[in-house]
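Taking it in order: structure first as structure tokens, then the write-up.
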Amino acid sequence: MEVSSPGPGPEAQFRAFLKEGRFMIQKSRSTGGYVFYPRIAEPRTGATDLDWVEASGRGTVYAITVNRAKTGDHNVAIVELAEGPRMMSRIDGVEAVPVGTSVEARITDIDGQPAVVFVPAEGAGA
Amino acid sequence: MSGSSLRGKTAIVGLGAAHWGEAPGRTAIEILGEAAIAAIADAGLEVSDIDGICAATATHGFPTLSVAEYLGIKATFFDGTNIGGSSFEMHLLQAALALDAGICNAVLICYGSNQRTASGKLVSMSEPQWHEAPYKPRHPINGYALATSRHMYEYGTTREDLADIAVAARQWANLNPMAFAQGPLTREDVLNARMISDPLTVRDCCLVTDGGAACVMVRADRARSMKQKPVYLLGVGAAQSHRSIVQAESLTRSVAADSGPRAYAMAGLGPSDCDLVMLYDAFTITTLMFLEDLGFCPKGEGGRFVRGGTIAPGGKLAVNTSGGGLSCVHPGMYGMFLIHEAATQMRGHAGARQLKTCDIALCHGNGGQFSSEVTAIFGSEATL
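Same order as they appear, the protein sequences are chains B and V. Counting in numbering that gives the first Met the number 0, the first sequence runs from 0 upward without gaps. Counting in numbering that gives the first Met the number 0, the second sequence runs from 0 upward without gaps.
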């Protein structure tokens, strides 16, 4: 059996959406599961019926660290999206926030490329 | 078919070490070669007796080819599995399978690195992950720091708990003349050390050293008539989960919780049977998590368990008696050094740090960022 779909793959499609200012993730029609990072099939189920859906942009800080360096400090976080999957990102506008903090996605420019970052949600305790 | 068919079928009969610490002017293969030659001689064998090679390094794309060529070994079995620091515990399983199947008769498992003198820092073998790259993670430390932040959040683990792990490692290292980091180290020293990746300071991190280590494995029937006291392989269990820490199912339960029970089942033993526990301590959090995941204390209790010297010399559980990656030696991939210490203790050759009884030793290798976990259990003749 041959499985091959035309056109660019999920990673390129994700990047193209980002360039349009859209943070898109995948969702399987058959299992209802959300997928991030974008892939050709849902992990574990192997479901290939993945549609692109707009991410809610809501998430929670699952883990966070701050890199300390002479060139400057920067945080690196794992954000658990409201849809379920986790992603690496950074929390902008603060040095760090406690694990469990509610955050919201923003698309910003990092080194000339659009990327998803997060900021503390309105009313989130800091 | 049960994996227990491998229990006690093979043994380590030769051990070699080379240049733990600093080896200016020496290449990785030279350091590896010295450890390998030492292990073969220790076994009372010749290079020409070796017909199996297991190797993984940070510098060789085809490590078994490099080793075979450098030492002039004609191998009938070779395995270059590279899953990071736990590769060498995986090699124990591959070697045992090959020996038991009669594919070969004497396997050399070896590692060497000149990481300290060549670069001065831990060399990450990780190719960038595209979905991580924009955020400039620092690997491998960020993965472990992220896991630490989650462990603190879920279980109330403290920086003081982690510091006590570094202190215990140093106290063991102070009993080991081969350990690179010597001298007093207090909880306050660890807490006040330079922060690298919150909440881990430089003293929560392993050393960056040069060094090589190697062992020779043969079938048990042959081991009994050889020069050294055999260190029998009783069980090995492996598990792997993610490539990127972001994709880990849990940051506070590693798949050591799967590899451990597999190894215990093959060995017919449990955590309470272990006289020595060698845990891959790339960072203080790894010791803590593996104590939990391998059943030495309940999940979430690791911090309370290590408090106040439980795993230090004279404590209730002998952990990382060499001084570990934190204070003895850590040249990039540390798994072979766990095996070296376990076998040294089981032979009764550990000097001032020698355990009174060491009939059963557990080695737990970790690779990536809690990505690949391999648990091996060794036993003396009395345990067969």
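Note that the Cβ used here is the ideal one computed from N, Cα and C, for glycine as well. Note that the structure is a prediction, hence the values are computed from the model and not measured.
(message) Below 8 angstroms on the Cβ atoms is my contact criterion, and I expect V/Leu107 with V/Ala342 to pass it. Report the Cβ-Cβ distance as a whole number of Å.
(response) No, V/Leu107 and V/Ala342 are not in contact; Cβ-Cβ is about 14 angstroms, not under 8 angstroms.
(message) If the cut-off is 9 angstroms on Cβ atoms, which residues from the stretch 22-37 of chain B count as contacting chain V, listed in chain order?
(response) Answer in chain order: Phe35, Tyr36 and Pro37.
(request) Hey, could you find the ends of the alpha helix (DSSP H) V/Ala55 is sitting in? (result) For V/Ala55, there is no enclosing alpha helix (DSSP H), as DSSP gives it neither H nor E.
(request) Starting from the Cα of V/Lys135, find the closest Cα among B/Asn66, B/Thr30, B/Asp50 and B/Val98 and give me that residue. (result) When only C-alpha atoms are compared, the closest one is B/Asn66.
(request) Count the other C-beta atoms from every protein chain shown that fall within 10 angstroms of the C-beta of V/Arg25, then say buried if there are 16 or more, exposed otherwise. (result) Around the Cβ of V/Arg25, a 10 Å sphere holds 16 or more other Cβ atoms; the residue is buried.
(request) With a threshold of 16 other CB atoms inside 10 Å of the CB of B/Arg43, please say whether the residue is buried or exposed. (result) Exposed is the call here.
(message) Using 9 angstroms as the threshold, is the C-beta distance between V/Tyr333 and V/Cys204 below it?
(response) No, the Cβ-Cβ distance between V/Tyr333 and V/Cys204 is not below 9 angstroms.
(request) Could you work out which residues of chain A lie near V/Leu250, taking near to mean beta carbons separated by less than 8 angstroms? (result) Structure shown: chain A not included; protein chains present are B and V.
(request) Let me know if B/Gly71 comes out buried or exposed under the rule of 16 or more other beta-carbons within 10 Å of its beta-carbon. (result) Taking every protein chain shown into account, the CB of B/Gly71 has fewer than 16 other CB atoms within 10 angstroms, so this residue is exposed.
(request) Determine the closest residue to V/Arg169 out of V/Leu184, V/Gly20, V/Ala162 and V/Ala10, with distance taken between C-alpha atoms. (result) Taking only the C-alpha atoms, the option nearest V/Arg169 is V/Leu184.
(request) Report the residues of the stretch 185-199 of chain V with a CB closer than 9 angstroms to any CB of chain B, ordered along the chain. (result) Correct list: Arg193, Met194, Ile195, Ser196, Asp197, Pro198 and Leu199.
(request) Give the straight-line distance between the Cα atoms of B/Ala46 and V/Leu233, rounded to the nearest whole angstrom. (result) In a straight line, the C-alpha of B/Ala46 is about 40 angstroms away from that of V/Leu233.
(request) Spell out the partners DSSP gives V/Arg218 in its beta bridges. (result) Beta-bridge pairing links V/Arg218 to V/Thr9.
(message) Can you look up V/Tyr279 in the DSSP assignment and give me helix, strand or coil?
(response) Note: V/Tyr279 maps to coil in three-state DSSP.
(request) Establish whether the CB of B/Ser55 and some CB of chain V are separated by less than 9 angstroms. (result) When Cβ-Cβ separations below 9 angstroms define contact, B/Ser55 makes no contact with chain V.
(request) Could you spell out where the beta strand (DSSP E) holding V/Pro139 opens and where it closes? (result) Neither: V/Pro139 is in no beta strand (DSSP E) and is coded neither H nor E.
(request) Say whether the stretch 49-59 of chain B touches the stretch 78-85 of chain B, bearing in mind that this needs 3 or more beta-carbon pairs closer than 8 angstroms, one atom from each stretch. (result) Yes, the stretch 49-59 of chain B is in contact with the stretch 78-85 of chain B.
(message) Beta carbons nearer than 8 angstroms to chain B: which residues of the stretch 264-283 of chain V have them?
(response) So the list is empty, because no residue satisfies the distance condition.
(request) Anything in chain V within Cβ reach of B/Arg85, meaning under 8 angstroms, just list it in chain order. (result) Here the neighbours are Val245 and Gln246.
(request) Verify whether the separation of the beta carbon atoms of V/Asn175 and V/Cys327 is less than 9 angstroms. (result) In terms of Cβ geometry, V/Asn175 and V/Cys327 form a close pair [threshold 9 angstroms].
(message) Tell me the DSSP secondary structure of V/Leu107 in three-state form.
(response) In the structure shown, V/Leu107 sits in a strand (DSSP, three-state: E or B).
(request) Quick one: using the 10 Å Cβ neighbour count with 16 as the cut-off for buried, is B/Asp48 buried or exposed? (result) So B/Asp48 ends up on the exposed side.
(request) Leaving out five residues on either side along the sequence, give the residues of the same chain with a beta carbon under 8 angstroms from the beta carbon of B/Glu94. (result) Non-local C-beta neighbours of B/Glu94 in its own chain, meaning closer than 8 angstroms and more than five positions away in sequence, comprise Val65, Asp72 and Asn74, ordered along the chain.
(message) Quick check on the burial criterion: 16 or more other C-beta atoms within 10 angstroms. Buried or exposed for V/Trp19?
(response) So V/Trp19 counts as buried.
(message) Between which residues of its own chain and B/Ala15 is the CB-CB distance below 8 angstroms, once the five residues before and five after are set aside?
(response) If we look at B/Ala15 and ignore the five residues flanking it on each side, its Cβ neighbours are Pro7.
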